[in-house]
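Engineer: These protein sequences, in sequence, are chains A and B.
UniProt numbering puts the first residue of the first sequence at 1, with every later residue one more than the last.
UniProt numbering puts the first residue of the second sequence at 1, with every later residue one more than the last.
Please read through the structure below; I'll follow up with questions.
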Amino acid sequence: MTPVTEARRPGPRAPRAPGPKRARGRAVDHGPWFLVLPALIPILVLSVGPLLHGILLAFTDAQSGRTEPTRWIGTLNFRDLLQDTLFWESFRIGLVWAVGVTVPQFLLALGLALLLDRDLRLRPLARALAIVPWAMPEVVVGIMWRIVYNPDAGLLNETLRDLGLGDGRDWLSGLATALPAVIVVGVWAGMPQTTVALLAGLQNTPRELHEAAAVDGAGAWRRFRTVTWPALRPVALAITALNLIWNFNSFALVYVLTNGGPGGRTRLPMLFAYEEAFRYGQFGYAAAMGCVMVAAISVALAVFLAGRLRAGDTA
Amino acid sequence: MRTSAAARAGQYAALLAYLVFLAFPFLWLVSTAFKPPAELAALHPTWIPRDPTLANFRQAFGEQPLLRAALNSLLAALAAAVVAVVVATPTAYVTARHRTALAKAAAGWVVVSQAFPFVLLIVPLFLVLKNLRLIDSLPGLVLVYVVWTLPFALWMLTGYVRAVPAELEEAAAVDGAGRLRILLSVTGPLLAPGIVATALFAFVTAWNEFFFALVLLKSPEKQTLPVILTHFIGAEGVADLGPLAAAAFLATLPSLVVFAIIQRRITGGMLAGAVKS
Numbered sequence: 001m002t003p004v005t006e007a008r009r010p011g012p013r014a015p016r017a018p019g020p021k022r023a024r025g026r027a028v029d030h031g032p033w034f035l036v037l038p039a040l041i042p043i044l045v046l047s048v049g050p051l052l053h054g055i056l057l058a059f060t061d062a063q064s065g066r067t068e069p070t071r072w073i074g075t076l077n078f079r080d081l082l083q084d085t086l087f088w089e090s091f092r093i094g095l096v097w098a099v100g101v102t103v104p105q106f107l108l109a110l111g112l113a114l115l116l117d118r119d120l121r122l123r124p125l126a127r128a129l130a131i132v133p134w135a136m137p138e139v140v141v142g143i144m145w146r147i148v149y150n151p152d153a154g155l156l157n158e159t160l161r162d163l164g165l166g167d168g169r170d171w172l173s174g175l176a177t178a179l180p181a182v183i184v185v186g187v188w189a190g191m192p193q194t195t196v197a198l199l200a201g202l203q204n205t206p207r208e209l210h211e212a213a214a215v216d217g218a219g220a221w222r223r224f225r226t227v228t229w230p231a232l233r234p235v236a237l238a239i240t241a242l243n244l245i246w247n248f249n250s251f252a253l254v255y256v257l258t259n260g261g262p263g264g265r266t267r268l269p270m271l272f273a274y275e276e277a278f279r280y281g282q283f284g285y286a287a288a289m290g291c292v293m294v295a296a297i298s299v300a301l302a303v304f305l306a307g308r309l310r311a312g313d314t315a
Numbered sequence: 001m002r003t004s005a006a007a008r009a010g011q012y013a014a015l016l017a018y019l020v021f022l023a024f025p026f027l028w029l030v031s032t033a034f035k036p037p038a039e040l041a042a043l044h045p046t047w048i049p050r051d052p053t054l055a056n057f058r059q060a061f062g063e064q065p066l067l068r069a070a071l072n073s074l075l076a077a078l079a080a081a082v083v084a085v086v087v088a089t090p091t092a093y094v095t096a097r098h099r100t101a102l103a104k105a106a107a108g109w110v111v112v113s114q115a116f117p118f119v120l121l122i123v124p125l126f127l128v129l130k131n132l133r134l135i136d137s138l139p140g141l142v143l144v145y146v147v148w149t150l151p152f153a154l155w156m157l158t159g160y161v162r163a164v165p166a167e168l169e170e171a172a173a174v175d176g177a178g179r180l181r182i183l184l185s186v187t188g189p190l191l192a193p194g195i196v197a198t199a200l201f202a203f204v205t206a207w208n209e210f211f212f213a214l215v216l217l218k219s220p221e222k223q224t225l226p227v228i229l230t231h232f233i234g235a236e237g238v239a240d241l242g243p244l245a246a247a248a249f250l251a252t253l254p255s256l257v258v259f260a261i262i263q264r265r266i267t268g269g270m271l272a273g274a275v276k277s
């Protein structure tokens, strides 16, 4: 029983600007309202709600398994957090990790995407392989690299021995090597998404422009800078911003690889907060840490987006 | 475009280096999974096991309840994938076809939700599920997975809906087809491959998930595969490499198979989403 008005196109009596996806009459929009609800309700109850609740928890002394009621304690958690040198050390490690993973990840993924965009013989194989780390469970990625890094039966030390570069070492337990070692794993694990996104961006670059520049004698670097990069920029910025966020919030990889050790050298903020909440039961304090992390991410995002907008003005 | 032979060779060398970097850890995992203990302890481990064996797999199944865990993972991932797609498809349709404020808010939330660390979410979620008596239960985990996979499912599906020309629907409407009829017999079939791809993607995401399962499930018989896998690593970080590799290899197979099926669609889906927004 569809109303006639709904089925008829606006057609001849509406000679407006072209665009088939223009919003239709008011009568139609009641349908959409209803259709959005099945997704909206779970999001509100299990995502928006808990997030707001989490922010409120940061101002309470909530603890796990306590019988007396939770009290408001104002900003006490945050004041404690300011003095908590262990947390700030963890925060610093988190920043080193996030930047240390995101930057090489982007550069390597860009190189791979540029290669995959070419007409090379191994391309189908490479495309399939490039996606493997994405498909694997993070826990398995961690286990796999533990086996690669294993001091005795590991591939890395064996290769070093074969190349005559010494006996190798216990990479994940060394105070100096643990963080670089987990960063390599982070780069490996996150490359596929970045590569796929950049490849999608590359396929939007104007081919003719590229060829015209080549005919004019522009070298590869110049062509990349003047033709490819301007077209790729929005995708590159978006995926880098997301990577920074994802990496800063990373948990499973390092949990499996080192569990934060040795001596807290790889204890990312998420690991720290997890222990605070579920080992020591300090829900309120852990929530405060979460708030600080969100604030840090928001500032980073704001700086990033500001840079993007400014670039948009000059373009 | 012409490329010099030297440049070509350089490109192939670079591509090869990438292939080695991407593939070798996985090949080493497979190799370790099939090695007998003596070879694992050998001073100079080889790439290809001299005496390939299934002993590691037998030992892995003996040490940890792998089958039970795999079943739990399968149930949770299947349920999450189906519910996520059922819930997301109507919203994605509305977001793609209409510019209502609600649809815009949903799309905005997809982006914003990426920025929040899980820790801010997990404590209140833990408390909410506790009140609902859904802690330490698979249905509770499924609920969390549905919400967790929704953003990406919405993103992918919106792209797929946009790829179905609205003109087709309008033409059917001119021919007198009702709204439901149009959705079922015009849009539905064209959207089906995208819906399947999205469901499979949600399945892999849930199958691979670790953090929520670690926090929300306590009883050993309810735990999912990734959580059980970490039990192979002892308290001092010492692990029996053979069984560990064998179990990890098995846990990866479903994800790899599904990804192989949807590989093209995923890249296509991201492309569709990226072009329009």
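Ideal placement from N, C-alpha and C gives every residue a C-beta, glycine not left out.
1. Given a cut-off of 7 Å on the beta-carbon distance, is the pair F26/B and A246/B in contact?
2. Classify T75/A as helix, strand or coil using the three-state DSSP reduction.
3. Report the neighbours of N249/A on chain B: residues whose CB is nearer than 7 Å to its CB, in chain order.
4. Within the same chain, show all residues whose beta-carbon is closer than 6 Å to that of G201/A, passing over the 5 residues directly before and after it, in chain order.
5. Is there a Cβ from chain B that is less than 7 Å from the Cβ of A39/A?
6. Is the Cβ of G65/A closer than 7 Å to any Cβ of chain B?
7. Starting from the beta carbon of W171/A, find every residue of chain B whose beta carbon is closer than 8 Å, and list them in chain order.
8. What's the C-alpha gap between A92/B and L71/B?
9. Using C-beta distances below 6 Å, list every residue in its chain close to Y285/A, excluding the 5 sequence neighbours before and after it, in chain order.
10. Taking C-beta pairs closer than 7 Å, name the residues in chain B that I183/A reaches, listed in chain order.
11. What in chain B is Cβ-close to A176/A, meaning under 9 Å?
12. Using CA atoms only, rank isn't needed, just tell me which of A260/B, I228/B, I261/B is closest to L67/B.
13. When the Cα atoms are used, what is the spatial distance from A69/B to G166/A?
14. Am I right that Y274/A and V119/B are in contact with their C-beta atoms under 8 Å? What's the rounded C-beta distance?
15. Is the CB-CB distance between V204/B and S255/B below 7 Å?
16. Can you give me the C-alpha to C-alpha distance between G219/A and T240/A, rounded to a whole angstrom?
17. Are P124/B and G94/A close, meaning C-beta to C-beta below 7 Å?
18. By Cβ distance, which residues of its chain are closer than 6 Å to T195/A, with the 5 residues on each side in sequence left out?
19. List, in order along the chain, the chain B residues whose C-beta lies closer than 7 Å to that of R118/A?
20. With DSSP collapsed to three states, give me the class of I233/B.
21. Mind listing the chain B neighbours of W145/A? Cutoff is C-beta to C-beta under 7 Å, in chain order.
22. Name, please, each residue of chain A whose Cβ falls closer than 7 Å to the Cβ of N208/B.
23. Give me the residue from N243/A, D152/A, P230/A, V215/A with the minimum Cα distance to V187/A.
24. For T60/A, which three-state DSSP category applies?
25. Quick one: residues in its chain with C-beta nearer than 8 Å to the C-beta of E138/A, no 5 flanking neighbours on either side, listed in chain order?
26. Within 7 Å (strictly less), CB to CB, does E89/A reach chain B?
27. I want to verify the contact list: residues of chain B whose CB lies under 9 Å from the CB of N77/A, in sequence order.
28. According to DSSP, simplified to helix, strand and coil, what is Y255/A?
29. Among the residues of its own chain, which have a CB less than 6 Å from the CB of A81/B, if the five just before and after it don't count?
30. So which of G174/A, I183/A, W145/A has the shortest CA-CA distance to A23/B?
31. Looking only at its own chain, which residues have a Cβ that is under 7 Å from the Cβ of F87/A, when we skip the five neighbours before and after it?
32. Please name the residue, chosen from D117/A, T177/A, L175/A, that lies closest to Q203/A on a Cα-to-Cα basis.
33. Please classify T41/A as buried or exposed, where buried requires at least 16 other C-beta atoms within 10 Å of its C-beta.
34. Within the same chain, show all residues whose beta-carbon is closer than 7 Å to that of S219/B, passing over the 5 residues directly before and after it, in chain order.
35. Going along chain A, which residues have a C-beta under 7 Å from V123/B?
36. Taking the alpha carbon of P193/B as the point to measure from, which residue in S113/B, E209/B, A42/B, L157/B has its own alpha carbon closest?
Structural biologist: On the basis of the coordinates in this document:
1. Their beta carbons are not under 7 Å apart, which means F26/B does not touch A246/B by this criterion.
2. Here T75/A sits in coil by DSSP.
3. Residues of chain B passing the Cβ test: P117, F118.
4. Answer for G201/A: L232, V235, listed in chain order.
5. Cβ-Cβ to chain B under 7 Å: yes for A39/A.
6. The beta carbon of G65/A does not come within 7 Å of any beta carbon belonging to chain B, so the residue lies off that interface.
7. By Cβ distance, chain B contributes nothing, its closest Cβ being about 13 Å from W171/A, past 8 Å.
8. About 31 Å.
9. Taken in chain order, the residues that qualify are N77, E276.
10. Here the premise fails: no neighbours, minimum Cβ distance about 14 Å.
11. Those within 9 Å of A176/A in chain B number zero; the least Cβ separation is about 18 Å.
12. From the listed residues A260/B, I228/B, I261/B, the smallest Cα separation to L67/B is found for I228/B.
13. CA-to-CA, the gap between A69/B and G166/A works out to about 42 Å.
14. Yes, Y274/A and V119/B are in contact; Cβ-Cβ is about 6 Å, under 8 Å.
15. The criterion of a C-beta distance shorter than 7 Å is satisfied by V204/B and S255/B.
16. Cα to Cα, G219/A sits roughly 27 Å from T240/A.
17. Result no, Cβ atoms of P124/B and G94/A do not sit closer than 7 Å.
18. Excluding five sequence positions before and after T195/A, the CB atoms of its chain that fall closer than 6 Å to its own CB belong to A109, L112, A113, A130, given in chain order.
19. Residues of chain B with a Cβ closer than 7 Å to the Cβ of R118/A are, in chain order, Q11.
20. If DSSP states are grouped into helix, strand and coil, I233/B belongs with the strands.
21. Residues of chain B whose Cβ lies closer than 7 Å to the Cβ of W145/A are, in chain order, P25.
22. Within chain A, the residues placing a beta-carbon under 7 Å from that of N208/B are P137, E138, ordered along the chain.
23. Residue N243/A is the option with its Cα nearest to V187/A.
24. Residue state, collapsed to three classes: strand.
25. Sequence-distant Cβ neighbours of E138/A in its own chain, meaning closer than 8 Å and more than five residues away, are A189, A252, L253, V256.
26. False, the Cβ-Cβ gap to chain B never drops below 7 Å.
27. In chain order: nothing, as chain B lies at least about 13 Å away.
28. It is helical.
29. Sequence-distant partners of A81/B (beyond 5 residues in either direction) whose C-beta falls short of 6 Å from its own C-beta, in its chain, are A199, A202, F203.
30. A23/B has its Cα closest to that of W145/A, out of G174/A, I183/A, W145/A.
31. Hits under 7 Å: L81, F272, M289.
32. Out of D117/A, T177/A, L175/A, D117/A has the C-alpha closest to the C-alpha of Q203/A.
33. It is worth fixing the name first, because residue 41/A is Ile in this sequence and not Thr. Residue burial is scored here from C-beta neighbours: I41/A has fewer than 16 other C-beta atoms within 10 angstroms and is therefore classed as exposed.
34. Only D136 meet the Cβ criterion.
35. What V123/B touches in chain A: G54, L57, A277, F283, A286, A287.
36. If we check each option's Cα against that of P193/B, L157/B comes out closest.
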